């Protein structure tokens with residue numbers, strides 16, 4: 014999974030831990046977003062600024078909180094959608110009810126060990142899509158292969 018980059022095992026675990034932390038908080042964030050201003054779901058607020066410096070006096074703090082939570086939820090959802098095995102992340106972290114590990118593996122059609130491998134790949138892909146991984150800190154490993162043409 015990390016073969017192209019010179020990333021230590023400790024760094025790998027740190028990246029995966031951060032990705033898990035963001036995804037574990039998704040349910041709470043989504044619930045807070047839904048509860049923060051339920052009447053706002055029927056209206057569209059595209060012209061409202063969420064910048065603290067450019068707020069006008071008529072923008073309520075509740076509306077600002079609602080929009081900020083919405084941005085965070087949307088950022089996570091967009092990052093998950095960019096992941097190849099996004100169903101693994103959706104089933105584990107984004108459903109309203111938590112499923113047990115064996116049930117998640119059963120839904121994937123794989124055994125638990127293979128499911129966990131694919132989940133780790135999905136978590137790393139999410140970390141890249143979400144911006145957790147900063148590739149400027151790592152060296153890219155390049156191997157050259159020479160091919161000769163037989164005559």
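In the numbering used here, the protein residues as written are 14 to 164.
We put the beta carbon where it would ideally sit given N, CA and C, even for glycine.
Computed from a prediction, not measured in an experiment: that's the story for all the values here.
Note to self: The alpha helix (DSSP H) that contains residue 98, what's its start and end?
What the structure shows: If you number the chain shown from 1, residue 98 lands on position 85. Looking at the DSSP string, residue 98 is not in any alpha helix (DSSP H), and its letter there is neither H nor E.
Notebook entry, point to check: Does the stretch 34-51 touch the stretch 105-120, meaning 3 or more C-beta pairs lie closer than 8 Å?
Noted result: Put simply, the stretch 105-120 touches the stretch 34-51. At least three CB pairs are less than 8 Å apart.
Notebook entry, point to check: Quick one: is residue 145 buried, meaning 16 or more other Cβ sit within 10 Å of its Cβ, or exposed?
Noted result: As a first step, residue 145 must be located in the chain shown, where it is residue number 132. With 16 or more other Cβ atoms within 10 Å, it is buried.
Notebook entry, point to check: Is residue 48 buried or exposed, if buried means 16 or more other CB atoms sit within 10 Å of its CB?
Noted result: Here residue 48 refers to the residue found at position 35 when the chain shown is read from its first residue. Answer is exposed; the Cβ neighbour count stays below 16.
Checklist line | Spatial distance of residue 34 from residue 46 (CA atoms) | finding: To locate residue 34, count along the chain shown from 1; it is residue 21. To locate residue 46, count along the chain shown from 1; it is residue 33. Using only the alpha carbons, I get a separation of about 18 Å.
Note to self: Short of 8 Å in beta carbon distance, which residues of its chain neighbour residue 83, apart from the five on each side in sequence? Order them along the chain.
What the structure shows: The residue labelled residue 83 in the question sits at position 70 within the chain shown. Correct list, in chain order: 46.
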